[in-house]
Amino acid sequence: MLFFGLNLGCEFISITLKISDSSGKMPKFFNIFFAALVAIIFLWAPFLSAQEGEVIESVKIVGNKRIDESTILYYIQSKPGTVLSKLQIRKDIEQIFSLGQFKDIQVDTQNRLEGLELQFLVEEIPSIGDVEILGNSKLETNDIREKIGLRRGATFNEHLVKESKKEILKVYEEKGYFFAETRIDTKKNSDNLVDVVIKIREGEKVKIEKIRFSGNKAFKDKKLAEVMETQARTWFSFIDDSGVYQKDILKLDMFRVEGFYQDNGYLRIKVLEPRIDINKKARQIHIIIPIEEGPQFRIKSL
3 MLFFGLNLGC
13 EFISITLKIS
23 DSSGKMPKFF
33 NIFFAALVAI
43 IFLWAPFLSA
53 QEGEVIESVK
63 IVGNKRIDES
73 TILYYIQSKP
83 GTVLSKLQIR
93 KDIEQIFSLG
103 QFKDIQVDTQ
113 NRLEGLELQF
123 LVEEIPSIGD
133 VEILGNSKLE
143 TNDIREKIGL
153 RRGATFNEHL
163 VKESKKEILK
173 VYEEKGYFFA
183 ETRIDTKKNS
193 DNLVDVVIKI
203 REGEKVKIEK
213 IRFSGNKAFK
223 DKKLAEVMET
233 QARTWFSFID
243 DSGVYQKDIL
253 KLDMFRVEGF
263 YQDNGYLRIK
273 VLEPRIDINK
283 KARQIHIIIP
293 IEEGPQFRIK
303 SL
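Take the sequence shown: its position 280, counting from 1, is numbered 282 in our numbering, and each next residue is one higher.
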């Protein structure tokens, strides 16, 4: 989506450009499109051409709160003592946008008693303020924080919120909580900071109803399952933690099955990525482990 505004007056020009897509990220064609658009705008601003060639007396940054003025001025080549140039101003705007810290930039010129003042009116992208995590009892708060990009001081955008939500649910699934839910609320405060509250409903661990293999001919499912630590639930699963899915343990089990085959002469065995079938209604999962056995090698007697 693109929002554009052009404010023409007798003594100044204001340029407003906001570009975003549905994910909250700037499109890849942003730089090319922006440069072309700004060039067209300046061609239709004859009053600026009347000022072009005047010497800039001062350059001022307006609207910055988090980013130091000196940092912004470092990227601007329209400096006091130089001649006002629409081409250079276009480049200056591109440079400021390249910092990734601003969602709106306007350019204004004012005739002061001392001479021409060039103003860059900027609107910063909000930063993340406080991040609060509520409702987690099965996972440590720090473990969740390490998985998400929502950290105090980071630049805020909606895409980051969506990605953080996915990462939270992913880490819960890896621990067997396939039906965990999360909601992320945000609120902008007066300091241009966005406070974040992450609310989690963990639910219960999902039990494994069945483990089966595909592609195995040399050994039955039952024999291969005996090699694994991951097991399907039993009548006693409600007492202990047996029958619970844990991704890290299942990954080790793949090596155990592979080692079992190799010990029996199947040196080219491949244990492929397991498929997890989730039955939300029954709140249970099935695990299917694909296997490519390959030939069996035997050592001849000497």
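Glycine is no exception: its CB is placed at the ideal position from the N, C-alpha and C atoms.
By DSSP's assignment, Glu119 forms a beta bridge with Ser60 and Gln112. Under the three-pair Cβ rule at 8 angstroms, the stretch 121 to 141 counts as touching the stretch 91 to 108.
Secondary structure of Val229 (DSSP, three-state): coil. Going by DSSP, Leu136 is part of no alpha helix (DSSP H) but of the beta strand (DSSP E) stretching over Ser129 to Leu136. Secondary structure note for Ile251: its alpha helix (DSSP H) is the uninterrupted segment Lys249 to Asp265. The DSSP-derived three-state label of Ile278 is strand. The closest CA to that of Asp250, considering only Glu204, Ser72 and Thr232, is found on Thr232. When beta bridges are read from the DSSP output, Ile290 appears opposite Arg214 and Arg277. Of the candidates Lys149, Phe99 and Ala220, Ala220 places its Cα closest to the Cα of Asn266.
Here Glu183 carries a strand assignment [DSSP, helix/strand/coil].
Judged by beta-carbon spacing, Ile69 lies beyond the 8 angstroms limit of Asp94, meaning their Cβ atoms are not closer than that value. Judged by DSSP secondary structure, Leu195 falls within the beta strand (DSSP E) whose first and last residues are Leu195 to Arg203. In the structure shown, Lys167 adopts helical secondary structure according to DSSP, grouped into three states. Contact annotation, Val61 with Leu120: C-beta distance approximately 5 angstroms; criterion of less than 8 angstroms satisfied.
The C-alpha of Arg92 is placed about 15 angstroms away from the C-alpha of Ile74. Secondary structure at Phe99: helix, using DSSP grouped into helix, strand and coil.
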